[in-house]
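J.:
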Amino acid sequence: MGPSRYFITTPIFYVNSGPHLGHHHTVVLADALHRIHKLLNPKQDTIFSTGTDEHGLKIQQAASRAKQDVLTFCNGVSKQFKDLFDNTGITYTDYVRTTEDRHKKCVGHFWKTLQDKGWIYTGTYKGWYSTQDELFLSESEVTEVKHADGTSQKVSVESGHPVEWMEEKNYLFRLSQFQGDLLHWLKSSEGIVKPAKFQKLLMHWIDAGLQDLSVSRQSTRVHWGIRVPEDSSQTIYVWLDALVNYLTVSGYPDKNHVWPPDCHVIGKDILKFHGIYWPAFLMAAGLEPPRSILCHSHWTVNDEKMSKSKGNIVCPYKKVDKYTADGIRYFLLKEGVPHSDGNFNNTKVQRLLNAELADTLGNLLSRCTAPLVNKHQIFPSYDAETFESYADGQKILDQLHDLADKVKDKYLEGNIYQGIDDVMAVLRQTNALVQDAKPWELAKSDSGEVRLNAVLHVALEVLRVSGIVLQPVIPVLATRILDKLQVPTGERCWADAQSPSLNPRPLHTDRTHVFSRLKVQSAAT
Numbered sequence: 002m003g004p005s006r007y008f009i010t011t012p013i014f015y016v017n018s019g020p021h022l023g024h025h026h027t028v029v030l031a032d033a034l035h036r037i038h039k040l041l042n043p044k045q046d047t048i049f050s051t052g053t054d055e056h057g058l059k060i061q062q063a064a065s066r067a068k069q070d071v072l073t074f075c076n077g078v079s080k081q082f083k084d085l086f087d088n089t090g091i092t093y094t095d096y097v098r099t100t101e102d103r104h105k106k107c108v109g110h111f112w113k114t115l116q117d118k119g120w121i122y123t124g125t126y127k128g129w130y131s132t133q134d135e136l137f138l139s140e141s142e143v144t145e146v147k148h149a150d151g152t153s154q155k156v157s158v159e160s161g162h163p164v165e166w167m168e169e170k171n172y173l174f175r176l177s178q179f180q181g182d183l184l185h186w187l188k189s190s191e192g193i194v195k196p197a198k199f200q201k202l203l204m205h206w207i208d209a210g211l212q213d214l215s216v217s218r219q220s221t222r223v224h225w226g227i228r229v230p231e232d233s234s235q236t237i238y239v240w241l242d243a244l245v246n247y248l249t250v251s252g253y254p255d256k257n258h259v260w261p262p263d264c265h266v267i268g269k270d271i272l273k274f275h276g277i278y279w280p281a282f283l284m285a286a287g288l289e290p291p292r293s294i295l296c297h298s299h300w301t302v303n304d305e306k307m308s309k310s311k312g313n314i315v316c317p318y319k320k321v322d323k324y325t326a327d328g329i330r331y332f333l334l335k336e337g338v339p340h341s342d343g344n345f346n347n348t349k350v351q352r353l354l355n356a357e358l359a360d361t362l363g364n365l366l367s368r369c370t371a372p373l374v375n376k377h378q379i380f381p382s383y384d385a386e387t388f389e390s391y392a393d394g395q396k397i398l399d400q401l402h403d404l405a406d407k408v409k410d411k412y413l414e415g416n417i418y419q420g421i422d423d424v425m426a427v428l429r430q431t432n433a434l435v436q437d438a439k440p441w442e443l444a445k446s447d448s449g450e451v452r453l454n455a456v457l458h459v460a461l462e463v464l465r466v467s468g469i470v471l472q473p474v475i476p477v478l479a480t481r482i483l484d485k486l487q488v489p490t491g492e493r494c495w496a497d498a499q500s501p502s503l504n505p506r507p508l509h510t511d512r513t514h515v516f517s518r519l520k521v522q523s524a525a526t
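In the numbering used here, the protein residues as written are 2 to 526.
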């Protein structure tokens, strides 16, 4: 795929239950990266895919518990995800479902390709299987736990979910033969998997040795799925089925399909599937592996693991209603650092949004556009002679010149939080400048007009550049700021943040409120 096209994905989300905070974090992170690339390259075509994974034993069981037909159940939960994304401004270009005909055809073609090339064979799989994780496990990946009643149970070392011994005839994929190729792929370019700790973890798993992978289940056990071509007694393994969604949205097997993806955005719980199984499947089929994988960590709630048993699952719908879509985006992207787990609680959200969106960002705009201070309702021009004697203001403008480049580099690494920190640092510095200059005093006399215009120019120029580079993070609020400054829609791309605004322009006359302060309440979810 050439540089004229950018292709980013989220995983497709499993519909055994509705969306939670972790799902929303994944899609918001991918959406921010998609928006960044659109700002950097406005004429570039993009593909941003998301969707739902709707096959497998867990779905059968969940539908049964809900007393619903399986497809009806899938339709309902998939709609919950799609509605969430639509209602929060996610800019996906393709929403794929594994129950769609186009996906089933794609999976069938991919299976036949692997089989024709000799990478799939029939055999008997003996080993541990976690239904909860949809994962086959080796002996070293299983441990025994004792319960309070004296009974014991085998569980996955990594997830803690129960496992069962499975012995059945099915199809296997020759994963063991890809150890060298996978290591070569990971070493071929720096930062294929980010953060680096996750690339090291993948290499550790691969170095420990790979076993051939069962890629089907007997259809008498798992009937809800895609049948193996020409063998209806077997259902294709749910993860092989699910991973092929990326090929489905690419247009595969059409010869002009767009490949490979530039970035898979995933959570750390599915690193093995995307960093080992998926590239091995692709190599076996003669296709390129993904160019990069951005892996993020998980969320705790009030410093406890989020789980149904604890009743602390955070519903993104409720939090969006409470804090707005942009408010939750900001929190997730600022606090959800990729390399370590984030902690969610309401007090933390409220304090962050008050401090940074309402105070640091919102107050600066309201102060410098208030009619008592900005009587002529203008974004004043840059006057070089004035700034020769206004070193503090010029210093901020000089820093602003480099801000877009600094932020871009951090955003593109997946460290959105670091880019936000850079923007907030300049905004805080500008607030301090305004506080020290007291423009409300300068506005009281004609003699203060020259200095007043210089202060207002600095503040509004900082807001203009900040508004542009914060568009991927808080698109609605950033648009409000840029609209107030009457920045033309054609001057809101990344390159515009790298060029100073020198000429005067009128402000929009509507009163603009960026973000309402929140009442700080308890941390309870």
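Don't be surprised by glycine CBs; every beta carbon is placed ideally from N, CA and C.
#1: Buried or exposed: which applies to Asp-410, given that a residue is buried once 16 or more other Cβ atoms fall within 10 Å of its Cβ?
#2: Go to Trp-240, then tell me how far its alpha helix (DSSP H) extends in each direction, as first and last residue.
#3: Jot down the residue ranges of each uninterrupted alpha helix (DSSP H) in the segment 474 to 501, minimum 4 residues, whole runs only, in chain order.
#4: So, with DSSP's three-state summary, where would you put Gly-252?
#5: Note the first and the last residue of the continuous beta strand (DSSP E) segment covering Glu-169.
#6: Within 10 Å of its beta-carbon, does Val-466 have 16 or more other beta-carbons around it, so buried, or fewer, so exposed?
#7: Measuring CA to CA, which of Leu-184, Phe-282, Ser-293 is closest to Lys-118?
#8: Do you know offhand how far Met-2's Cα is from Gln-436's?
#9: If the criterion is Cβ atoms closer than 8 Å, does the pair Lys-59 and Asn-88 meet it?
#10: Using DSSP's beta-bridge definition, name the partner residues of Leu-519.
#11: Closest by CA to Ile-421, which one among Val-456, Val-515, His-26, Gly-468?
#12: Looking only at DSSP bridge pairs, what is Glu-145 linked to?
#13: Which runs of the alpha helix (DSSP H) fall wholly inside the segment 264 to 323 and span at least 4 residues, in chain order?
#14: DSSP three-state label for Tyr-93, please.
#15: Whose C-alpha, out of Ala-405, Val-194, Val-470, Lys-396, is nearest the C-alpha of Val-459?
#16: Could you check whether Val-266 and Thr-11 sit closer than 8 Å to each other, using their CB atoms as the reference points?
#17: Of the residues Val-477, Asp-54, Asp-102, which one's Cα is nearest the Cα of Lys-80?
#18: If you pair each beta-carbon of the segment 182 to 189 with each one of the segment 130 to 148, do three or more pairs fall below 8 Å?
#19: Look at the Cβ atom of Leu-272, then the Cβ atom of Leu-366, and state whether they are nearer than 8 Å.
#20: Identify which residue in Cys-264, Asn-375, Thr-123, Trp-206 has its Cα closest to the Cα of Asp-447.
#21: I need the DSSP call for Val-28, collapsed to helix, strand or coil.
#22: To the nearest angstrom, report how far apart Asp-511 and Gln-487 are at their CA atoms.
#23: When DSSP labels each residue in this structure, what does Leu-1 get in the three-state scheme?
#24: Check whether the Cβ atoms of Ser-220 and Ser-234 lie closer than 8 Å to each other.
#25: Rank Ala-405, Gly-19, Trp-206, Gly-394 by C-alpha distance to the C-alpha of Ser-141 and give the top, closest one.
#26: Should Cys-75 and Thr-114 be called a contact, given that it needs their Cβ atoms to be closer than 8 Å?
#27: Taking 7 Å as the limit between beta carbons, can you name the residues of its chain near Ile-314, skipping five residues before and five after?
#28: Per DSSP, what kind of secondary structure is Asn-347 in: helix, strand or coil?
#29: On the CB-based measure, 16 or more other CB atoms within 10 Å of its CB, does Tyr-122 come out buried or exposed?
#30: Quick one: what does DSSP say Trp-528 is sitting in, helix, strand or coil?
#31: Out of curiosity, what's the CA-to-CA distance linking Arg-6 and Ala-31?
T.: Reading off the structure:
#1: Along the sequence shown, read from residue 1 onward, the residue named residue 410 stands at position 409. So Asp-410 ends up on the exposed side.
#2: For the purposes of this step, residue 240 is identified with residue 239 of the sequence shown, where counting begins at 1. Trp-240: member of the alpha helix (DSSP H) spanning 239 to 244, first to last residue.
#3: 476 to 485, 495 to 498
#4: Here the question's residue 252 lines up with position 251 in the sequence shown. Looking at Gly-252 - three-state DSSP - the assignment turns out to be coil, as it is neither helix nor strand.
#5: The residue labelled residue 169 in the question sits at position 168 within the sequence shown. Counting along the chain, the beta strand (DSSP E) containing Glu-169 begins and ends at 165 to 174.
#6: Along the sequence shown, one-based indexing puts residue 466 at 465. Buried is the call here.
#7: By one-based count along the sequence shown, residue 118 stands at place 117. Comparing Cα-Cα distances from Lys-118 to each of Leu-184, Phe-282, Ser-293, the minimum goes to Phe-282.
#8: Locating residue 2 in the sequence shown gives position 1, counting from the first residue. Locating residue 436 in the sequence shown gives position 435, counting from the first residue. Since pLDDT at Met-2 reaches only 39, below the 50 mark, its modelled position is unreliable, and the value read off the structure follows with that caveat. In a straight line, the C-alpha of Met-2 is about 51 Å away from that of Gln-436.
#9: Position 58 of the sequence shown, counting from 1, holds the residue named residue 59. Position 87 of the sequence shown, counting from 1, holds the residue named residue 88. Taking 8 Å as the Cβ cut-off, Lys-59 and Asn-88 do not qualify as a contacting pair.
#10: As a first step, residue 519 must be located in the sequence shown, where it is residue number 518. DSSP lists no partner for Leu-519.
#11: In the sequence shown, the residue the question calls residue 421 occupies position 420. The residue with the shortest Cα to Cα distance from Ile-421 is Gly-468.
#12: Residue mapping note: residue 145 aligns to position 144 of the sequence shown, counting from 1. DSSP lists Lys-155 as partners of Glu-145.
#13: The qualifying runs are 279 to 285.
#14: Walking along the sequence shown from the start, residue 93 turns up at place 92. Three-state DSSP puts Tyr-93 in coil, outside helix and strand.
#15: Counting from 1 along the sequence shown, the entry for residue 459 is found at position 458. The shortest Cα separation from Val-459 among Ala-405, Val-194, Val-470, Lys-396 belongs to Lys-396.
#16: For the purposes of this step, residue 11 is identified with residue 10 of the sequence shown, where counting begins at 1. For the purposes of this step, residue 266 is identified with residue 265 of the sequence shown, where counting begins at 1. A contact, by the Cβ cut-off of 8 Å.
#17: Position 79 of the sequence shown, counted from the start, is the residue given in the question as residue 80. The residue with the shortest Cα to Cα distance from Lys-80 is Asp-54.
#18: no
#19: The sequence position of residue 272 within the sequence shown is 271, counting from 1. The sequence position of residue 366 within the sequence shown is 365, counting from 1. For the 8 Å CB-CB criterion, Leu-272 and Leu-366 do not form a contact.
#20: Within the sequence shown, numbered from 1, the residue matching residue 447 stands at position 446. Measuring from the Cα of Asp-447, the nearest candidate turns out to be Asn-375.
#21: Taking the first residue of the sequence shown as 1, we reach residue 28 at position 27. Helix.
#22: Taking the first residue of the sequence shown as 1, we reach residue 511 at position 510. Taking the first residue of the sequence shown as 1, we reach residue 487 at position 486. So the alpha carbons of these two residues sit roughly 11 Å apart.
#23: Since the first and last residues shown for the chain are 2 and 526, residue 1 lies out of range.
#24: The residue given as residue 220 occupies position 219 in the sequence shown. The residue given as residue 234 occupies position 233 in the sequence shown. Against a cut-off of 8 Å, the Cβ pair of Ser-234 and Ser-220 comes out as a contact.
#25: Here residue 141 corresponds to residue number 140 of the sequence shown, with the count starting at 1. When only C-alpha atoms are compared, the closest one is Trp-206.
#26: Reading the sequence shown from its first residue, position 74 is the one you call residue 75. Reading the sequence shown from its first residue, position 113 is the one you call residue 114. 8 Å or more divides the Cβ of Cys-75 from the Cβ of Thr-114.
#27: Stepping through the sequence shown from its first residue, residue 314 is reached at position 313. Same-chain partners within the cutoff: His-21, Met-307.
#28: Within the sequence shown, residue 347 is the residue found at index 346, counting from 1. Helix at Asn-347.
#29: Looking up residue 122 in the sequence shown gives position 121. Classification of Tyr-122: exposed, given that the 10 Å Cβ count is below 16.
#30: Residue 528 falls outside the range modelled here, since the chain spans only 2 to 526, and no answer is possible.
#31: For the purposes of this step, residue 6 is identified with residue 5 of the sequence shown, where counting begins at 1. For the purposes of this step, residue 31 is identified with residue 30 of the sequence shown, where counting begins at 1. Distance between the alpha carbons of Arg-6 and Ala-31: 16 Å.
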